[in-house]
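To start, the structure itself, in structure tokens.
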Amino acid sequence: MDNKKRQTLRTVILKRLSDVSRRAGLVPEETDMETRLPDPVDQATKESERDLSRLLRVRENVEIQKLALALDRMEQGSYGICLGCDGEISVKRLRAEPTALLCVECQQKRERNRVAPGNGMDFIGSSR
Ligand SMILES: [Zn+2]
Numbered sequence: 071m072d073n074k075k076r077q078t079l080r081t082v083i084l085k086r087l088s089d090v091s092r093r094a095g096l097v098p099e100e101t102d103m104e105t106r107l108p109d110p111v112d113q114a115t116k117e118s119e120r121d122l123s124r125l126l127r128v129r130e131n132v133e134i135q136k137l138a139l140a141l142d143r144m145e146q147g148s149y150g151i152c153l154g155c156d157g158e159i160s161v162k163r164l165r166a167e168p169t170a171l172l173c174v175e176c177q178q179k180r181e182r183n184r185v186a187p188g189n190g191m192d193f194i195g196s197s198r
């Protein structure tokens, strides 16, 4: 992958990271949920929204870790290299999924074999 493409993808990752961080509440926003819903009638709705946002937070944490890992791999120069076959992950795939750790073929193989029924996070930790 050439430098220009890597820079582009880096920008994509950084933007996603800041979006997700803001959504996860890691970066304080000017208007938060509490001030946006001042009506006490909305209290019940607010509660269930809080549950939902907790769920979202977990999912966003995973996303943040994936994005951080991608940036880490970029620093180390291993970004875009498939962890399954050491081949290059296509830029097209990375553009769509900048946190991809596997090339399309390895991804499909894994999905078929159901080796990783989760989100692929099992690579984190084992890759170091
Ligand atoms: Zn592969």
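Counted the way the working numbering counts, the sequence shown spans residues 71 to 198. All C-beta atoms in this analysis are idealised placements derived from N, C-alpha and C, irrespective of residue type, glycine included. Note that this is a predicted model, so its numbers are computed, not measured.
Who are the near neighbours of residue i in its chain, counting only those whose CB is closer than 8 Å to its CB and skipping five residues on each side?
| i | result |
| --- | --- |
| ALA170 | ILE159, ARG163, LEU164 and GLN177 |
| LEU126 | ARG93 and ALA94 |
Going along the chain, which residues of its own chain have a beta-carbon closer than 6 Å to the beta-carbon of residue i, five neighbours each way excluded?
| i | result |
| --- | --- |
| CYS173 | CYS152, GLY157 and ILE159 |
| GLY204 | Summary: the structure shown does not reach residue 204, with the chain confined to residues 71 through 198, and so no result is reported for it. |
| LEU199 | No information on residue 199 is available, as it lies outside the stretch 71 to 198 that the chain covers here. |
Only counting the same chain, and skipping five residues up and downstream in sequence, which positions put a Cβ closer than 7 Å to that of residue i?
| i | result |
| --- | --- |
| ASP89 | none |
| GLU130 | VAL90, ARG93 and ALA94 |
| ILE83 | LEU137, ALA140, LEU141 and PRO168 |
| GLU133 | VAL90 |
Taking 7 Å as the threshold (beta carbon to beta carbon), is residue i in contact with chain B?
| i | result |
| --- | --- |
| ILE159 | Among the chains in the structure shown there is no chain B, since it carries only a single protein chain. |
Q: Quick one: which unbroken alpha helix (DSSP H) runs of 4-plus residues sit fully inside the stretch 126-190? Chain order, please.
A: Segments of the alpha helix (DSSP H) lying fully in the stretch 126-190: 161-166 and 174-183.
Q: Mind listing which residues have their beta carbon within less than 6 Å of any non-hydrogen atom of ligand 3? Chain order is fine.
A: By its list of ligands, the structure shown excludes ligand 3, since it contains just ligand 1.
Q. Is the number of C-beta pairs between the stretch 77-87 and the stretch 115-126 that are closer than 8 Å three or more?
A. Pairwise C-beta distances place the stretch 77-87 out of contact with the stretch 115-126, as fewer than three of them are shorter than 8 Å.
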